[in-house]
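Undergrad:
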Amino acid sequence: MADPDPLAGTSPLTRSLHARVPHDGALPVVTPLYQASAFQTGSPYFYTRKDNPNIAEFEGIVAGLEGCRHGIAVTTGMTAIHQVLDLLRAGDGLVFNRDIYGCSHRLFQRFAEARGVRVSALDLSVPEQLARIPAGTRLVIFETPTNPFLKTIDIAAVAKAARAADPRALVVVDNTWATPLFQNPLAHGADLVVHSATKYFGGHSDVMGGIICCDRDDLHGQLRDARFYAGAILDPHSAWLLCRSMKTFGLRMREHERVTARLAAFLGTIPQVARVHLPTIDGHQLRGYGGILFFALAPAVAGRYRDFAAALRLFDTGTGMACVTSMVAQPYNGSHASMTPDEKSAIGLDQGLVRLCFGFEDPADLEADLARAFTAIASAAASASG
Ligand code: PLP
4 MADPDPLAGT SPLTRSLHAR VPHDGALPVV TPLYQASAFQ TGSPYFYTRK
54 DNPNIAEFEG IVAGLEGCRH GIAVTTGMTA IHQVLDLLRA GDGLVFNRDI
104 YGCSHRLFQR FAEARGVRVS ALDLSVPEQL ARIPAGTRLV IFETPTNPFL
154 KTIDIAAVAK AARAADPRAL VVVDNTWATP LFQNPLAHGA DLVVHSATKY
204 FGGHSDVMGG IICCDRDDLH GQLRDARFYA GAILDPHSAW LLCRSMKTFG
254 LRMREHERVT ARLAAFLGTI PQVARVHLPT IDGHQLRGYG GILFFALAPA
304 VAGRYRDFAA ALRLFDTGTG MACVTSMVAQ PYNGSHASMT PDEKSAIGLD
354 QGLVRLCFGF EDPADLEADL ARAFTAIASA AASASG
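For reference, each letter of the sequence shown is one residue, going 4 to 389 in this note's numbering.
(1) Go through its chain and collect everything with a Cβ distance to R230's Cβ below 8 Å, but skip five positions before and after it.
(2) Based on the DSSP output, what are the partners of H26 in its beta bridges?
(3) Is E146 near the ligand PLP, judged by its Cβ being under 6 Å from some heavy atom?
(4) Give the single residue among A332, S40 and H21 whose Cα lies nearest to the Cα of P31.
(5) Can you tell me whether V120 is buried or exposed? The criterion is at least 16 other CB atoms within 10 Å of its CB, across all chains shown.
(6) Going by the beta-carbon positions, is the gap between T79 and M249 smaller than 7 Å?
(7) What residue from A39, Q225, A383 and L184 has the CA that sits closest to F311's CA?
(8) Could you pull out every residue in the same chain whose Cβ sits closer than 7 Å to the Cβ of G3, ignoring the five residues on either side in sequence?
(9) Roughly how far, in whole angstroms, is the beta-carbon of R113 from the beta-carbon of R141, given that I think they are within contact range, below 8 Å?
(10) I'd like to know if the stretch 88 to 100 and the stretch 131 to 139 are in contact, where contact means that at least 3 CB-CB pairs between them fall below 8 Å.
(11) Note the first and the last residue of the continuous beta strand (DSSP E) segment covering L300.
(12) Are the CB atoms of Q38 and P239 within a distance shorter than 7 Å?
(13) Using DSSP with H/G/I as helix, E/B as strand and the rest coil, what is M324?
(14) Which residue comes first and which comes last in the alpha helix (DSSP H) that contains F311?
(15) Quick one: using the 10 Å Cβ neighbour count with 16 as the cut-off for buried, is D157 buried or exposed?
(16) The ligand PLP and S19: does any heavy atom of the ligand fall closer than 6 Å to the residue's C-beta?
(17) Output the distance between the C-alpha atoms of P302 and K163, rounded to the nearest integer angstrom.
(18) Sorted by chain position, which residues of the same chain lie with C-beta nearer than 8 Å to H223's C-beta, five sequence neighbours on each side aside?
(19) Just mark G294 as buried or exposed, buried being the case when its beta carbon has 16 or more other beta carbons within 10 Å.
(20) Going by the CB atoms, is the gap between L359 and L289 shorter than 7 Å?
(21) Just the Cα atoms here: how many angstroms apart are G67 and A349?
(22) If contacts are defined as beta-carbon pairs under 8 Å, then V331 and G362 qualify, I think. What distance do you get, rounded to the angstrom?
(23) So the beta strand (DSSP E) C106 belongs to, where does it begin and stop?
(24) Just to confirm before moving on: does the CB-CB distance between V357 and F298 stay below 7 Å?
(25) Let me check understanding here. Comparing Cα to Cα, which of E60, V143 and D372 lies closest to V33?
(26) Please determine whether the Cβ atom of M256 lies at a distance below 6 Å from any heavy atom of the ligand PLP.
(27) DSSP on S40, reduced to helix/strand/coil?
(28) For P148, does the count of other Cβ atoms within 10 angstroms reach 16, so buried, or fall short, so exposed?
(29) Using the Cβ count rule (16 or more neighbours within 10 Å means buried), how would you classify E69?
Have a look at this one:
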């Protein structure tokens, strides 16, 4: 009889903390770094372009949290998305949600043009638009909550509509922002989940990675083969760092959630803030939420993002996010810079939209810092108009 599972009945988070690949008898309590390109005959690993203990451990942790059997770890989040697109063939249809990370948006267009794939951008957060998924669609890809604006897309409804349009359609959710702690797309009918591990999984702005998760053996086989021949696998050191970060993943997400709730309430009291964008936590598809929100600057200060960011002392600027320190960004010129002005205007994205990612500073300090920056732009606007 097989040994009983010592973790039987524990939560996915508990299991993720105890996930360890088999070791060589030295009994370390954490898995050491296997900085090796090749393994001897008889090893289950063969060659690191194919597999490696640190990479396998990271895949097991994330797949466990996503509630599925397979994880395929790759170099970055964009690689994960590209590997999934690579399942398409000339003439296939690709549908993506138009509110999506700017580089994904551009990648879909570039890929479709180069490979002869038919591409459509829809607003999948609007139920009436689901009927517009064209016949012949082989892949539907989206983020929920969306980037920007954090709108909800009903994964089960998209899966139903996509399969009605074409029974072979694959539904792919980029779950980077929701994370598997708060949302498990496969349980709602998605076929594949992609993540930028560079964000919350890494959590410290010091590692890049990506991962694709699925339950289907055929997709797993195809994606692993494609990764092997493309040389797109994550490197062992990054995998080791990611495994280390995953030990505090639950803690960090809960703290992100706590700080965001407090700061969102604070932003709601600020006259220079026209609107705070947060996702709807319905407890069914989305069970909680982490550390990224958007707000719209009020019309009187809408053109003052640069002054606002410059006045902040605790928020770093730049493209990073989901780390231990807070960040401020302007999606128009940052995450969505690769979209044209017309494309940005079509989704309602203008220069007055600000993204904040809260780290683990004392929330009272973050409030004081933001208050100072709002006062600075309010006085600058008052002196300009008076
Ligand atoms: N998906 C989402 C939702 C992202 O925000 C990003 C990057 O910001 C990516 C994918 C791309 O990930 P990476 O930068 O790891 O390639």
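Backbone N, C-alpha and C fix where the C-beta goes; we use that ideal spot for every residue, glycine too.
A quick note: this is a predicted structure, and the numbers were derived from the prediction, not measured.
TA: Let me spell this out:
(1) Excluding sequence neighbours, R230 sits near I75, V77, Q86 and I236.
(2) DSSP, once it has assigned bridges, lists no residue as partnering H26.
(3) E146: yes, Cβ under 6 Å from the ligand PLP.
(4) Per the Cα distances, H21.
(5) Buried is the call here.
(6) No, the pair does not count as a contact, with Cβ atoms beyond the cut-off.
(7) It is A383.
(8) Lying outside 4 to 389, the shown extent of the chain, residue 3 is not represented and no answer is given.
(9) Actually they are not in contact, since the Cβ atoms of R113 and R141 sit about 18 Å apart, beyond 8 Å.
(10) Three or more pairs of CB atoms, one per stretch, sit closer than 8 Å, so the stretch 88 to 100 contacts the stretch 131 to 139.
(11) Counting along the chain, L300 sits inside the beta strand (DSSP E) bounded by residues I295 to L300.
(12) Yes, the Cβ-Cβ distance between P239 and Q38 is below 7 Å.
(13) Three-state result, M324: coil.
(14) Here the alpha helix (DSSP H) through F311 covers Y308 to A314.
(15) When all chains shown are included, D157 counts as buried.
(16) No heavy atom of the ligand PLP is found nearer than 6 Å to the CB of S19.
(17) When rounded, the distance between both Cα atoms is 40 Å.
(18) Shown here for H223: same chain residues with a beta carbon closer than 8 Å to its own, the five before and five after excluded, namely R72, H73, I75 and C217 in chain order.
(19) G294 should be labelled buried.
(20) No Cβ-Cβ contact shorter than 7 Å links L289 with L359.
(21) Their Cα atoms are separated by approximately 38 Å.
(22) Taking a contact as a CB-CB distance under 8 Å, the pair V331 and G362 does not count as one, their CB atoms being some 11 Å apart.
(23) That residue, C106, is in no beta strand (DSSP E); its alpha helix (DSSP H) goes G105 to R118.
(24) Yes, the Cβ-Cβ distance between V357 and F298 is below 7 Å.
(25) Residue E60 is the option with its Cα nearest to V33.
(26) It does not: the Cβ of M256 is nowhere closer than 6 Å to a heavy atom of the ligand PLP.
(27) Under the three-state reduction of DSSP, S40 is assigned to coil, being neither helix nor strand.
(28) Classification of P148: buried, given that the 10 Å Cβ count is 16 or more.
(29) By the neighbour-count rule (16 or more Cβ atoms within 10 Å), E69 is buried.
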